[in-house]
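So the protein lines, in turn, are chains L and S. If you want the working numbering, it's the position in the first sequence, counting the first as 1, plus 940. If you want the working numbering, it's the position in the second sequence, counting the first as 1, plus 940.
Number of protein chains: 2
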Amino acid sequence: MAPTPPLSLPVSPRHPKETVNQWAYRSLRQAVMVGLIPPGRSLTIRDVAAALAVSTMPVREALRRLASEQALEVQDNRRIQVPQMTVAKFRELCELRIALECHAAERALPYVTPARIDQLTQIDRRIDEAQAAGDREGVTIHNQDFHRHLYEANPHQVIMPLVESVWLQLGPFTRLALSKLNDFYHVDRHSEALAALKKHDLLALRIALEADIRDGITHVGTAELLSAYVENAGMVG
Amino acid sequence: MAPTPPLSLPVSPRHPKETVNQWAYRSLRQAVMVGLIPPGRSLTIRDVAAALAVSTMPVREALRRLASEQALEVQDNRRIQVPQMTVAKFRELCELRIALECHAAERALPYVTPARIDQLTQIDRRIDEAQAAGDREGVTIHNQDFHRHLYEANPHQVIMPLVESVWLQLGPFTRLALSKLNDFYHVDRHSEALAALKKHDLLALRIALEADIRDGITHVGTAELLSAYVENAGMVG
DNA sequence: ACGGGTTAAACGTGATCACATTTTACGGGA
DNA sequence: TCCCGTAAAATGTGATCACGTTTAACCCGT
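So, in structure tokens, the structure goes:
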């Protein structure tokens, strides 16, 4: 077996006023979210620090934070890796996402203003543009923006951090769903959600959201695709 | 106004094989959970490190982790404190807890065995004993054990970390609910839940759980108690 | 050629130090 | 007496180092 490659991370430019810690966290998070780090690949603090050209300290804090958000997994208190995915776990995460986000939408609905609906419509347009351009990462980002912007209509925000954690756990594997999704015609669930928002129709909103999430995700669980990827990833470590 | 007291933390004994980091995290978490650190009280890394008689490094990692779990709040990138509670936020957390835990129970139900029901019954007995002994902290701990042990029947666990985060955010304020609760006769929702488990009756389980959570929590939200505490705590900082 | 034991490299952890930024305290001017 | 500006103390951040443990490599014996 070939020795593990030296771990190259895409270094996004560091924002001004951003601490090294935040930058390392952001970089690693992004890498995990888009599936750049294969599950089972063991990360060492020193390696990541070298890849980012910083000292070990900010890196280990970033790694630990991601671990506490379930994005990474500390194996036996030694190795750190992206958790392995199983079909059952994937299903659990999918159902959790639906329950959590439907609840978030319900709690946000009373605070949704016409102005926010306009903003959501704009974001939805950006999703379509990215989809048309074949920009999968853009689709993911804008799709998350759409959901986030809906739930954050609620000014007493407590749910989003949990939602983000679930997104992070599903992240490495949703990229697959999107690639599959492009092949099919796919009804625009966001339009349905927007219509429900305009009518303040909670039930219709829940239905649209659940369908949207299932569209983006469940195909993977039912298809042989995930299994293949899971097994493949399992061999990488 | 009196100068802020020098922050004394109850130092639980350090487990063998436990890193300083883990110990600091556990100590701080416990302190937050039982409401020992008043909301608004600003914590400094050096102070906590001094109180625990360790260096600053493990402490800042513990603090950051608690912040990422929403147990603490980094104010303007300088001050760290237990977040202030508002009535609206409290309600959001309560509703979130219900939604999350009912979902967790639903996903766990198919895996609940008679053996586990027995264990749950034993834990429930311990709750009653603590209640009879007036041991509020014991009640809290065993109550959490009960819920955790139910949800963890599901072997593909992804929900508990989120539940723990919500518990942690409610923790500093539930102690009030319990003190109030002792004054009233209070139907044993856990018995109802156990009965529902034995019948594999999902709906009854959800109803019992929701009632249990509301019993333990919502009284605070409706009573003037929380408001009083919130305002009081707001003046502490 | 294969396996086990020894040794060296690698790693996580935690302490200490230096530096930049922020907060606090003090004192002078209106 | 009340601001406000300046200086000193305090704080977070990040780098470096030392130590104990774990992992990996290597060599010798069979």
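We treat Cβ as the ideally placed atom computed from N, Cα and C, and that holds for glycine. Note that this is a predicted model, so its numbers are computed, not measured.
Quick one: using the 10 Å Cβ neighbour count with 16 as the cut-off for buried, is residue i buried or exposed?
i: E1001(S); result: buried
i: P1095(S); result: exposed
i: G1156(S); result: buried
i: L1137(S); result: buried
i: L1143(L); result: exposed
i: H955(L); result: exposed
i: A1072(S); result: exposed
i: M941(S); result: Unreliable placement is indicated for M941(S), whose pLDDT of 41 sits below 50; the coordinate value is still reported in the next sentence. Exposed: under 16 other Cβ atoms inside 10 Å.
i: P998(S); result: buried
i: A964(L); result: buried
i: H1140(L); result: exposed
i: E1077(L); result: exposed
i: R1004(S); result: buried
i: E1069(L); result: exposed
Taking the alpha carbon of residue i as the point to measure from, which residue in the options has its own alpha carbon closest?
i: S1008(L); options: R969(L), C1042(L), R986(L) and E1035(L); result: R969(L)
i: I1057(L); options: R1037(L), H1043(L), Q1109(L) and S1131(L); result: S1131(L)
i: I1063(L); options: Y1051(L), V1079(L), A1073(L) and D1075(L); result: V1079(L)
i: A1055(L); options: L983(L), V1014(L), H1089(L) and L1143(L); result: H1089(L)
i: E1035(S); options: C1034(L), E958(L), P956(L) and L1040(L); result: L1040(L)
i: M1100(L); options: A1048(L), Q1071(L), A1073(L) and A1136(L); result: A1048(L)
i: P1050(S); options: K1029(S), L1145(S), I1153(S) and S948(S); result: L1145(S)
i: A1228(S); options: I1067(S), L1060(S) and E1150(S); result: No statement about residue 1228(S) is possible, as the shown extent of chain S runs from 941 to 1177 and does not include it.
i: E1150(L); options: L1102(L), C1042(L), Y965(L) and D1085(L); result: C1042(L)
i: D1152(L); options: D1128(L), E1104(L), H1140(L) and D1068(L); result: D1128(L)
i: S948(L); options: N961(L), P979(L), A990(L) and Q962(L); result: A990(L)
i: E1104(S); options: R1076(S), D987(S), S952(S) and L1006(S); result: L1006(S)
i: R966(S); options: A1011(S), D1068(S), A1148(S) and F1030(S); result: A1011(S)
i: L992(L); options: P950(L), L1134(L) and H1087(L); result: P950(L)
i: D1016(L); options: A1148(S), K957(S) and K1029(S); result: K957(S)
i: I1081(S); options: L1102(S), Q1097(S), E1032(S) and L1108(S); result: L1108(S)
i: A1045(L); options: I977(L), Q1097(L) and A964(L); result: Q1097(L)
i: V994(L); options: L976(L), E1013(L) and Q962(L); result: Q962(L)
i: A1148(S); options: I1038(S), L976(S), V1052(S) and A1070(S); result: I1038(S)
i: L1134(L); options: T1053(L), G1074(L), V1106(L) and D1075(L); result: T1053(L)
i: A1014(L); options: P979(L), P953(L) and N1083(L); result: Reading off the sequence, residue 1014(L) comes out as Val, not Ala. Measuring from the Cα of V1014(L), the nearest candidate turns out to be P979(L).
i: R1018(L); options: G1074(S), R1154(S), S952(S) and T959(S); result: T959(S)
i: R1154(L); options: L976(L), D1075(L) and R1031(L); result: R1031(L)
i: D1085(L); options: L1102(L), I1067(L), L1033(L) and I977(L); result: I1067(L)
i: H1087(S); options: V1106(S), D1075(S) and G1074(S); result: V1106(S)
Legend entry - Near-chain L residues of the stretch 1095 to 1107 of chain S - C-beta to any C-beta below 7 Å: Taking a C-beta cut-off of 7 Å against chain L, the contacting residues of the stretch 1095 to 1107 of chain S are H1096, V1098, I1099, P1101, L1102 and S1105, listed in chain order.
Inset, instruction - Name, going along the chain, the residues of the stretch 1124 to 1150 of chain S whose beta-carbon falls closer than 9 Å to a beta-carbon of chain L. - result: Listed by position, the residues of the stretch 1124 to 1150 of chain S near chain L (Cβ gap below 9 Å) amount to none.
Legend entry - Contained alpha helix (DSSP H) runs [length at least 4] in the stretch 1070 to 1150 of chain L, N- to C-terminal order: DSSP runs (the alpha helix (DSSP H)) wholly in the stretch 1070 to 1150 of chain L: 1076 to 1091, 1100 to 1121 and 1129 to 1138.
Inset, instruction - Report the residues of the stretch 1001 to 1017 of chain S with a CB closer than 8 Å to any CB of chain L, ordered along the chain. - result: Listed by position, the residues of the stretch 1001 to 1017 of chain S near chain L (Cβ gap below 8 Å) are E1001, R1004, R1005, S1008, E1009 and Q1010.
Legend entry - Whole runs of the alpha helix (DSSP H) within the stretch 991 to 1052 of chain L, excluding any shorter than 4 residues: Within the stretch 991 to 1052 of chain L, the complete alpha helix (DSSP H) runs of at least 4 residues fall at 996 to 1008 and 1027 to 1048.
Inset, instruction - Could you name the residues of the stretch 1067 to 1087 of chain S whose beta carbon sits closer than 7 Å to any beta carbon of chain L, in the order they occur along the chain? - result: Answer in chain order: no residues at all.
Inset, instruction - Give, in chain order, every residue of the stretch 1042 to 1059 of chain S whose Cβ lies closer than 8 Å to some Cβ of chain L. - result: Taken in chain order, the members of the stretch 1042 to 1059 of chain S whose beta-carbon sits within less than 8 Å of a beta-carbon on chain L are H1043 and R1047.
Inset, instruction - Would you list, in chain order, the members of the stretch 979 to 1001 of chain L that have their beta-carbon closer than 7 Å to a beta-carbon of chain S? - result: So the close ones are E1001.
Inset, instruction - May I ask you to verify whether the stretch 972 to 992 of chain L touches the stretch 1105 to 1113 of chain L, counting CB pairs closer than 8 Å and requiring at least 3? - result: Using a C-beta cut-off of 8 Å, the stretch 972 to 992 of chain L makes contact with the stretch 1105 to 1113 of chain L, since at least three inter-stretch Cβ pairs fall below that distance.
Legend entry - Contact between the stretch 976 to 990 of chain L and the stretch 1012 to 1032 of chain L (3+ Cβ pairs under 8 Å): Taking 8 Å as the limit for Cβ pairs, the verdict is that the stretch 1012 to 1032 of chain L does touch the stretch 976 to 990 of chain L.
Legend entry - 3 or more residues per run - each beta strand (DSSP E) lying fully within the stretch 953 to 989 of chain S: Taken in chain order, the stretch 953 to 989 of chain S contains no complete beta strand (DSSP E) segment of 3 residues or longer.
Inset, instruction - Can you give me, in chain order, the residues of the stretch 1026 to 1037 of chain L that have a beta carbon less than 8 Å from any beta carbon in chain S? - result: Identification of residues in the stretch 1026 to 1037 of chain L having a C-beta nearer than 8 Å to some C-beta of chain S yields T1026, A1028, K1029, R1031, E1032, L1033, E1035 and L1036, given in sequence order.
Inset, instruction - Note down, in chain order, all residues in the stretch 964 to 977 of chain L with a beta-carbon under 9 Å from any beta-carbon belonging to chain S. - result: Taking 9 Å as the Cβ-Cβ cut-off against chain S, none of the residues of the stretch 964 to 977 of chain L qualify.
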